[in-house]
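Novice: One structure coming up, written as structure tokens, with questions to follow.
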Ligand code: ATP
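Residue numbers (my numbering): 15 to 249.
In structure tokens form, the structure reads like this:
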């Protein structure tokens with residue numbers, strides 16, 4: 015069996031008295047399109063933060079393409095692109111400057127050809143010189159996706175990339191993310207939208223109160239729960 019893209023073993027995280035993650039085990043194969051579903055506060059963002067090294071788990075381990083996130087952070091992080099939920103940027107940087115900085119963070123110089131390709135595929139070429147503060151919310155969200163791609167990571171994690179996004183842009187983002195998956199990227203997507211997970215994901219894990227309460231192929235999960243009851247569980 016080939017190396018899993020992501021291996022999460024017994025990961026626990028407590029904030030004070032609150033158990034945000036209570037021993038999560040997950041293995042996600044290379045090339046999968048994997049959905050992480052769960053209600054507000056289920057622990058999805060905490061799990062992603064642990065994967066990207068922003069949150070240190072109290073117990074357990076996380077690996078990306080065989081690299082331990084704590085012990086081998088540089089290599090783990092090089093293999094991971096993260097699209098965070100929050101639209102936080104320095105408003106005075108242009109889109110291109112931001113993407114160059116992100117490239118620099120990974121030690122990549124002269125990345126403009128690749129940056130141009132990413133901008134074109136996200137329909138952002140015309141905004142390359144624009145300051146971040148001059149972009150619409152939808153454009154900022156696409157810049158977040160672009161940022162996650164500058165170092166060509168094989169594994170991409172998107173934390174509610176379509177939250178607050180209109181239907182048209184949502185469809186555009188879906189198409190783009192699908193193409194990334196077809197091109198061989200492993201995709202992990204957190205979402206509240208069952209419709210989104212159903213359309214895109216091959217497998218789904220449902221998280222509730224920091225624990226995986228269901229893990230199966232999307233088809234099997236939908237068969238197990240009537241669509242209505244699953245929607246109630248998710249929202
Ligand atoms: P949402 O769908 O609303 O984004 P989520 O599934 O991503 O939720 P998390 O953001 O991971 O959930 O939060 C899990 C729990 O941990 C919540 O109860 C949240 O209040 C708590 N939490 C998250 N970050 C912190 C923090 N930095 N300090 C204290 N508690 C936190």
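Beta carbons: idealized from backbone N, C-alpha and C, even for Gly.
If contacts are defined as beta-carbon pairs under 8 Å, then residue 159 and residue 116 qualify, I think. What distance do you get, rounded to the angstrom?
Specialist: That pair is no contact at about 12 Å.
Novice: By a C-beta neighbour count over all protein chains shown, 10 Å radius and 16 as the cutoff for buried, is residue 195 buried or exposed?
Specialist: Classification for residue 195: buried.
Novice: Give me the residue from 27, 199, 176 and 81 with the minimum Cα distance to residue 211.
Specialist: For residue 211, the nearest C-alpha among the options comes from 176.
Novice: Mapping DSSP to helix, strand and coil, what is residue 226?
Specialist: In the structure shown, residue 226 sits in a strand (DSSP, three-state: E or B).
Novice: Please go through the same chain and pick out, in chain order, the residues whose beta-carbon is closer than 6 Å to the beta-carbon of residue 132, but skip the five residues on each side of it.
Specialist: The residues are 160 and 163.
Novice: If you draw a straight line from the alpha carbon of residue 236 to that of residue 78, how long is it in whole angstroms?
Specialist: Rounded to the nearest angstrom, the two C-alpha atoms are 28 Å apart.
Novice: Tell me whether residue 52 counts as near the ligand ATP, meaning its Cβ is closer than 6 Å to at least one heavy atom of that ligand.
Specialist: Result yes, Cβ under 6 Å from the ligand ATP.
Novice: Compare the Cα-Cα distances from residue 150 to each of 178, 170, 135 and 123 and report the closest residue.
Specialist: With distances taken between Cα atoms, residue 150 lies closest to 178.
Novice: With a CB to CB cut of under 6 Å and the five nearest residues on each side skipped, what residues in its chain are close to residue 87?
Specialist: Excluding positions up to five away in sequence, the list reads 67.
Novice: With C-beta atoms as the reference, is residue 94 less than 7 Å away from residue 169?
Specialist: Going by C-beta atoms, residue 94 is nearer than 7 Å to residue 169.
Novice: So is residue 155 buried or exposed if we call it buried at 16+ other beta carbons inside 10 Å?
Specialist: Buried, because 16 or more other Cβ atoms sit within 10 Å of the Cβ of residue 155.
Novice: Shorter than 6 Å, the distance from the beta carbon of residue 34 to the closest heavy atom of the ligand ATP, or not?
Specialist: Yes.
Novice: Report the rounded CA-to-CA distance for residue 201 versus residue 180, giving the unit in angstroms.
Specialist: Between residue 201 and residue 180, the C-alpha separation is close to 22 Å.
Novice: Please list the segments of the beta strand (DSSP E) lying wholly inside the stretch 61-110, counting only runs of 3 or more residues, in order along the chain.
Specialist: Runs of the beta strand (DSSP E) inside the stretch 61-110: 73-78 and 94-97.
Novice: Quick one: what's got a C-beta closer than 6 Å to residue 23's C-beta in the same chain, skipping five residues either side?
Specialist: Around residue 23: 39, 74 and 75.
Novice: For a quick check, are the C-beta atoms of residue 171 and residue 62 less than 7 Å apart?
Specialist: It is a contact, given that the beta carbons lie within the stated cut-off.
Novice: If contacts are defined as beta-carbon pairs under 8 Å, then residue 251 and residue 217 qualify, I think. What distance do you get, rounded to the angstrom?
Specialist: What the structure shows of the chain is the stretch from 15 to 249, and residue 251 is not part of that stretch, so it cannot be assessed.
Novice: Enumerate in chain order the residues of its own chain whose CB-to-CB distance from residue 28 is below 6 Å, with the five nearest sequence positions on each side excluded.
Specialist: Excluding sequence neighbours, residue 28 sits near 72.
Novice: Excluding the 5 residues preceding and the 5 following residue 104 in the sequence, name in chain order all residues of the same chain whose CB lies nearer than 8 Å to its CB.
Specialist: Counting only Cβ-Cβ distances below 8 Å, and skipping sequence neighbours, we find 112 and 146.
Novice: Could you check if residue 17 is buried or exposed, using at least 16 other CB atoms within 10 Å of its CB as the buried criterion?
Specialist: Under this definition residue 17 is an exposed residue.
Novice: Grouping DSSP H, G and I as helix and E and B as strand, with all else coil, what is residue 150?
Specialist: In the structure shown, residue 150 sits in coil (DSSP, three-state: anything other than H, G, I, E or B).
Novice: Per DSSP, what kind of secondary structure is residue 191 in: helix, strand or coil?
Specialist: Residue 191: helix per DSSP, three-state reduction.
Novice: Indicate whether residue 204 and residue 174 have their beta-carbon atoms separated by less than 7 Å.
Specialist: It is a contact, given that the beta carbons lie within the stated cut-off.
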